[in-house]
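Enquirer: Residue numbers for the sequence shown follow the working numbering, beginning at 208 and rising by one. Quick reminder that beta carbons are idealized off the backbone N, C-alpha and C, glycines included. Quick one: this structure, given as structure tokens, is what I'll be asking you about.
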Amino acid sequence: MKLSAEQISAIKEEYTQWKDKMYADNSLSHRKDFGQFFTPPELSIKMLEKFDNTDGTILDPCCGAGNLLAAAIKVGFDPQKVYGIEIDEDILKIAHSRLIPLGVPAKNIHLGDALHPNSYCF
């Protein structure tokens, strides 16, 4: 998938709007305890450019604040086919506040451990 300059700009703009919120309530030590390293927009862009999925479904098993998923929606993925799992309830709240307004159903982004098979029941 080749992203246009407009799509890249939209991804970066959306990320910038949420950047302060992502880090505001979470200390570096807390993020390290959970192994949280948020996906910068440049990496989301590179990942989406490598993505080739004919049905348009995307799952981020460690979605964090939803950076990759928000970027996917900005480039045209159907929000109904966007799914995420997050282990940290506080970060999940940020993902919900960010992705639900973009059209993602709340049930598609849920609390769970990506290493546990039951987390993949949507």
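Distance, Cα to Cα, L210 vs M254?
Expert: Taking the straight line joining both Cα atoms gives about 11 angstroms.
Enquirer: Which of the three DSSP states is assigned to I170 in this structure?
Expert: One cannot answer for residue 170 here, as it falls past the ends of the chain, which runs 208 to 329.
Enquirer: What did DSSP end up calling D285 once you bin it into helix, strand or coil?
Expert: If DSSP states are grouped into helix, strand and coil, D285 belongs with coil.
Enquirer: Have a look at Y290, G273, C269 and S251 and flag the residue whose alpha-carbon is nearest the alpha-carbon of G263.
Expert: Looking at the Cα atoms, Y290 is the closest of the given residues.
Enquirer: Any idea which residues DSSP pairs L266 with across the strands?
Expert: Looking at the DSSP assignment, L266 forms a beta bridge with Y290.
Enquirer: When DSSP labels each residue in this structure, what does A321 get in the three-state scheme?
Expert: Reduced to three states, the DSSP call for A321 is coil.
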